[in-house]
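First up is the structure itself, then whatever we jot down about it.
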Amino acid sequence: ALAEVEYYGISVDRQKVTQFSKRLQEEIAQIEEELFEEVGKRFNWRSTKQLQDILFGVLKLPVKFRTAKGAASTNEDTLRELAKVHRVPQLLLKLRKRYKVLSTYLAGGRGGIYQFVKEDGRVHPDFKVTGTVTGRLSCTDPPLQTIPKTSVRNIFVAPPGYKLIEADLSQAELRVVAYISKCKTMLDALQRGVDLHKLTASYLFKKPLEQIDDHERKLAKFFNFGVCYGRGPSSVAEQFDLSLEEATALYESFFDTYPEIREYMHRIVEEAKSKRIIRNLFGATRRFGPGKFLSEWERQAINFPIQSVVAMHTNQSMAILVQLFKKERLDAHVVLNVHDALYVECKEEIVDDVAQLVKMVMERPVADTDLVIPVEITIGQFWGEEGDIIVED
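Spelled out as structure tokens, the structure:
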């Protein structure tokens, strides 16, 4: 099935690539001028040596981290820390984000996206089955799974006469964690179609659901997903600029709301420590080596039964659809697999029928259990929502 997806590929709109590239180049030039004015001189911000001289020599900013060789680090973590106290690191972060998108997905750098566009006007990404321990596919040449959720995605299109169907498993990982932990509050909310992030926020901040603002919902979303990845209070504190005490209080409040999730996390880590092997709903295993049980293994033990189930369900759905389209002789093709979403290109006149078929396949019970993950279907001419934001700061 993967060979089919790679072989077919996905179309690239060269006009949009040119248009977006021009806009980003203009944004970069404008931010550069602000940067040079702030520093008082022009310099090559992409040179590590020159950047070290500016940040720690000219501006006398504190050294936050050092490289393995002992040099002052200018990596993203350093800039994020320094951005709290100075405007120059803020501008540098904006520049780096834009340059990365320009050079990887648009027409910058060493050919940008064009180095991957073949004669058929499509890119044919290289998917790796063994790229991750959780069964998630990884993707390179180009790395489409890491493309930002902004209008830069709009460069990938369905050709004239065709449509692109996006089939997204709704809150997939949260549904799996609620199911395997038997979390009553979460399962009930999902059953009623309540926004789970707002619900968590209302418990954390002790406010009615309708009074939750965007910042509170964002923090609750970080909690909901962060717990699936075994993140602790320090991670929350760093992400949202909270004190460790504030983050710990919110963390405790989260587990008071969803006690079954705390019990699940404790149980799965103990099982991994004692047996050195854990299984997911499909029966797939994750093994852990002998000796001291590392803290990163704890995070992996918590996350594996969740992320691997979503990955395996998505991958199986992809394989079923590829075979179905062939069997029914439909002019429809899976063109992309992005963790918990599948993208299908099909002839315009059959798009509604194909969308129903995709929904039916992806909403089948997970791993022969009674867990069903609803699918949100979007039909359009290109990937993602149309918008003005190419890079989000």
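FYI, the numbering for the sequence shown is 74 to 466, going by this note's numbering. Backbone N, C-alpha and C fix where the C-beta goes; we use that ideal spot for every residue, glycine too. As the structure is a prediction and not an experimental result, all values here were calculated from the model.
Where residue i falls: helix, strand or coil (DSSP)
| i | result |
| --- | --- |
| N117 | coil |
| V136 | coil |
| K222 | coil |
| T330 | helix |
| F377 | helix |
| I393 | helix |
| I351 | strand |
| F298 | helix |
| T358 | strand |
| F59 | Shown here, the chain extends from 74 to 466; a query on residue 59 therefore has no answer. |
| A428 | helix |
| I127 | helix |
| S316 | coil |
Beta-bridge partners of residue i, as assigned by DSSP
| i | result |
| --- | --- |
| D241 | A414 and E449 |
| K201 | S211 |
| L409 | Y416 |
| T273 | BP columns for T273 are empty, so no partner. |
| Y235 | K420 |
| S84 | R195 and V230 |
For residue j and residue i, the rounded distance between their alpha carbons
| i | j | result |
| --- | --- | --- |
| Q373 | Y302 | 7 angstroms |
| L217 | A428 | 22 angstroms |
| T258 | N297 | 13 angstroms |
| E192 | F398 | 25 angstroms |
| T203 | L210 | 7 angstroms |
| S254 | T219 | 29 angstroms |
| K420 | S243 | 25 angstroms |
| R365 | D214 | For clarity, residue 365 is Lys in the given sequence; the question names Arg instead. Taking the straight line joining both Cα atoms gives about 38 angstroms. |
| L164 | I101 | 10 angstroms |
| F377 | A414 | 19 angstroms |
| F361 | S275 | 38 angstroms |
| I104 | L315 | 29 angstroms |
| E28 | L134 | Residue 28 is absent from the model: the chain starts at 74 and stops at 466. |
| V408 | K89 | 19 angstroms |
| L277 | S326 | 6 angstroms |
| Y80 | H197 | 6 angstroms |
When the options are compared against residue i, the one with the closest alpha-carbon
| i | options | result |
| --- | --- | --- |
| T321 | D268, A310 and T330 | A310 |
| A357 | E336, I379, P363 and Y337 | I379 |
| V112 | Q98, F129, I101 and E100 | F129 |
| Q476 | R195, F327, F295 and F138 | Here the chain covers residues 74 to 466 and nothing more, so residue 476 does not appear. |
| R352 | I462, L134 and V382 | V382 |
| V300 | Y172, E289 and T273 | T273 |
| D441 | M385, K133 and S308 | M385 |
| I452 | L444, D443 and E422 | E422 |
| D150 | G143, A144 and P162 | P162 |
| A240 | W118, Y416 and K89 | Y416 |
| P447 | L75, R248 and I393 | R248 |
| F455 | E110, V225, Q188 and N148 | V225 |
| L444 | H288, V250, K291 and L168 | V250 |
| T140 | K157, T121 and I127 | T121 |
| M338 | N410, R96 and C256 | C256 |
| M435 | E465, N388 and P363 | N388 |
Any chain B beta carbon closer than 8 angstroms to residue i
| i | result |
| --- | --- |
| K271 | The displayed structure is made up of one protein chain only, and chain B is not part of it. |
The alpha helix (DSSP H) enclosing residue i, as first and last residue numbers
| i | result |
| --- | --- |
| Y187 | From DSSP, Y187 is part of no alpha helix (DSSP H); its letter is neither H nor E. |
| A144 | No alpha helix (DSSP H) holds A144; DSSP gives it neither H nor E. |
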